[in-house]
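Novice: The working numbering puts the first residue of the sequence shown at 12, with every later residue one more than the last.
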Amino acid sequence: MPKLLRIQFTLSELESDECQVYLGARVAHGWEEKPLDDDSIFYTIHLEDHPLGMEIVEEIKTRWPDAGCVGEEIEDENWGLAWKDYFEPVTCGQFEILPPWLLEKKTEGKNHIIIEPKMAFGTGSHPTTALCLELISKLADEGKLNANMEFFDLGTGSAILAIALAKLGLKGVGVDIDPQSIVCAQENIDNNDVDGIILSVGSADSIDPKLKYELVVANILSGPLIELCPDVTARLKENSILILSGILVEQSEKVAAEYIKAGLPAPEIFTMGEWAGLLWRDVSAEDE
């Protein structure tokens with residue numbers, strides 16, 4: 012019988028938000044959370060991919076050394092497929108995100124994005140991804156996006172945002188520091204039959220520094236967004252658009268302040284539950 016890798020660890024509630032963002036980026040099909048009496052949370056993950064699973068174990072041990080993270084092989088009792096029974100299409104603005112096995116459920120009149128839920132961030136179910144898709148839809152509805160524009164997608168993950176933009180006719184570049192994300196991203200791009208997307212392993216500084224874009228989107232964590240501020244703003248053309256997400260509401264002002272300090276105006280801040288998205292509609296040359 013095939014074996015699964017089971018990963019288990021415990022974190023405090025104070026660490027849960029950061030953990031959920033991390034797991035959303037690495038375990039797109041989901042995980043189990045069990046509250047404990049001491050206000051901590053016990054996490055369980057089941058994975059079919061053992062090498063990548065062990066990478067996650069090591070990453071969790073590095074990020075949260077006191078979490079007691081362990082990974083062990085167990086007999087596969089169809090856990091690897093059972094989660095599919097609970098996966099539903101996700102609607103974000105004018106986009107509908109579906110896995111390949113639910114194409115018959117697609118809604119007419121929507122831009123359909125086919126995503127194979129794997130270990131790469133972006134199935135549309137997490138508020139940070141949904142916020143980005145909602146803002147992209149809003150900009151499209153306002154006529155702010157057109158097929159002559161080029162985008163830069165920092166931390167592309169599953170390439171869901173790049174695919175959404177390609178569905179609107181834009182072309183651009185998606186980068187991610189995780190090579191496996193680029194593999195998943197290319198598979199999703201192929202499944203959606205879109206072109207004009209170039210993928211690269213790396214961060215904001217991984218391509219020609221002279222390249223600038225009409226739209227930059229970055230759905231990563233607030234810490235990296237602050238750290239990468241100079242690299243992100245350096246990618247902006249005159250009258251460009253910037254979307255930042257992956258930010259907790261209480262962190263949004265701090266992230267915004269860093270970009271204001273870099274010369275940008277104050278952004279519009281949109282929220283979804285505990286999460287925030289920052290939008291700059293027109294970054295002028297003097298703001299760069």
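By construction, the Cβ of each residue, glycine as well, lies at the ideal position given by its N, Cα and C atoms.
Measuring CA to CA, which of F20, I271, E70 and E145 is closest to A287?
Specialist: The shortest C-alpha separation from A287 is found at E145.
Novice: What would DSSP say about P241, mapped onto helix, strand or coil?
Specialist: It is helical.
Novice: Do G234 and P138 have their CB atoms nearer than 8 Å?
Specialist: The answer is no: Cβ separation not under 8 Å.
Novice: Compute the Euclidean distance between the alpha carbons of E24 and L210, then round it to the nearest angstrom.
Specialist: The alpha-carbon atoms of E24 and L210 are separated by roughly 36 Å.
Novice: Taking the alpha carbon of A158 as the point to measure from, which residue in E83, C30, D206 and L15 has its own alpha carbon closest?
Specialist: Looking at the Cα atoms, D206 is the closest of the given residues.
Novice: With C143 as the anchor, note down where its beta strand (DSSP E) starts and where it stops.
Specialist: It is not in any beta strand (DSSP E) - C143 instead sits in the alpha helix (DSSP H) that spans P138 to D152.
Novice: Exposed or buried, which one is A131 when buried takes at least 16 other CB atoms within 10 Å?
Specialist: In this predicted model, A131 has a pLDDT of only 43, less than 50, meaning its place in the structure is not dependable; the value taken from the coordinates is given anyway. That one is buried.
Novice: Below 8 Å on the Cβ atoms is my contact criterion, and I expect I193 with I124 to pass it. Report the Cβ-Cβ distance as a whole number of Å.
Specialist: About 18 Å separates the two Cβ atoms, so there is no contact after all.
Novice: Considering Cα atoms alone, identify which of E44, E29, N122 and Y33 is closest to G168.
Specialist: Checking every option, the nearest Cα to that of G168 belongs to Y33.
Novice: For E249, count neighbouring Cβ atoms within 10 angstroms of its own Cβ and tell me buried if that reaches 16, exposed if not.
Specialist: That one is exposed.
Novice: Compute the Euclidean distance between the alpha carbons of H57 and A277, then round it to the nearest angstrom.
Specialist: The alpha-carbon atoms of H57 and A277 are separated by roughly 42 Å.
Novice: Mind listing, in chain order, the continuous beta strand (DSSP E) runs of no fewer than 3 residues lying wholly within the stretch 151-179?
Specialist: Runs found: 161-165.
Novice: Select from I200, L156, V68 and L179 the residue whose C-alpha is nearest the C-alpha of P111.
Specialist: Checked all of I200, L156, V68 and L179; the closest Cα to P111 is I200.
Novice: The beta strand (DSSP E) that contains V294, what's its start and end?
Specialist: Here the beta strand (DSSP E) through V294 covers W286 to V294.
Novice: So the candidates are I108, R37, E59 and I218; which of them puts its Cα closest to the Cα of I71?
Specialist: When each option's Cα is compared against that of I71, the closest is R37.
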